[in-house]
Amino acid sequence: MAEDEKTLRKLICKIGKELYKHQYTVASDGNISAKLDDRYILITPTGKCKGKLVESDLIKMDIETGSTVESKLSPSIEYRLHLFSYRKNNGIRCIIHAHPPFTTTCAVSGFSMTEFILPEIAIYIGKVPLVSYENPGSVELAESVSEKLKNFRAVLMANHGIVVTGNNLWQTYFNLERLEFAFKVLYLSELLGKVNTIELAKIEKMLKESNTPRKLHTC
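Take the sequence shown: its letter number 29 is residue 33 in our numbering, and every next letter is one higher.
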């Protein structure tokens with residue numbers, strides 16, 4: 005096994021432990037994948053707690069064919085979502101799907117992050133659209149999410165959870181943390197009866213001044 009693959013396996017297991025420790029996933033829920041190269045990804049298996057992953061649990065998959073390499077385990081039920089997203093979006097290097105409590109609560113209630121309540125979300129992530137409910141593991145869900153990921157770094161799934169993408173796993177994990185905090189703030193602001201959003205002109209000015217090249221697509 006190449007050294008790069010060993011390193012990536014260790015990192016995915018570390019990220020899994022962080023997800024489980026912070027209750028962004030429970031039991032065997034959620035899934036993680038990352039590109040080894042332009043042909044292969046490593047993806048978490050189905051039925052395994054993310055907090056108890058070991059390096060040998062991770063499955064090597066061919067992005068184009070979906071075939072697995074030397075593994076007795078089955079890939080996550082959401083493997084289509086991962087494969088479709090990599091095929092359609094060459095810039096994606098890794099994907100985390102999780103069920104953080106406040107984020108998932110907002111997804112169940114039909115909220116999204118189409119306006120900004122915190123500047124950090126605009127800087128690091130951008131808008132976060134909500135897609136309609138489709139069954140976990142379905143082709144329909146994979147198509148819906150992967151299409152949105154052409155223009156957005158993260159996508160909420162109604163009555164399900166969130167998918168966050170990035171250039172590396174720690175960046176992607178930290179953006180998941182940022183979103184969970186933002187959705188917690190949104191939830192609590194709704195309880196207080198008022199949500200103040202930041203003017204789009206100020207967001208655009210901030211992005212320009214911080215040299216953050218981001219087009220704010222319409223959700």
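C-beta atoms are modelled at their ideal positions from N, C-alpha and C, and glycine is treated no differently.
Under DSSP, the beta-bridge partners assigned to T72 are M65.
Spatial neighbours of L153 in its own chain (CB-CB distance under 8 Å, excluding positions within 5 residues in sequence) are listed in chain order as S89, K92, N93, I96, V159, V167, T169.
Going by DSSP, I207 is part of the alpha helix (DSSP H) stretching over 204-213.
Apart from the 5 residues on each side of it in sequence, S116 sits with its Cβ closer than 7 Å to the Cβ of V132, P133, L134, L160, C223 in its chain, given in chain order. Taking a 10 Å sphere around the C-beta of E7, we find fewer than 16 other C-beta atoms and assign the residue as exposed.
Counting along the chain, no beta strand (DSSP E) covers S80, and no H or E run does either. If you draw a straight line from the Cα of I121 to the Cα of E74, it is about 46 Å long. Contact between the stretch 59-71 and the stretch 140-148 is absent: fewer than three C-beta pairs spanning the two stretches fall below 8 Å. K206 and S71 have their alpha carbons spaced roughly 47 Å apart. In this structure, L46 sits near L62, with a CB-CB distance shorter than 7 Å. Close CB contacts of A162 within its chain, under the 8 Å cut and outside five residues either way in sequence, are with A111, V112, G114, L134, V135, S136, Y137 (chain order). When secondary structure is reduced to three states using DSSP, N155 falls in the coil class, being assigned neither helix nor strand. Of all alpha-carbon atoms in D42, K76, D41, H26, the one lying nearest the alpha-carbon of K54 is that of H26.
Boundaries for N94: no alpha helix (DSSP H) harbours it, and the DSSP string shows neither H nor E there. Under the DSSP assignment, T222 falls outside any alpha helix (DSSP H); it carries neither an H nor an E label.
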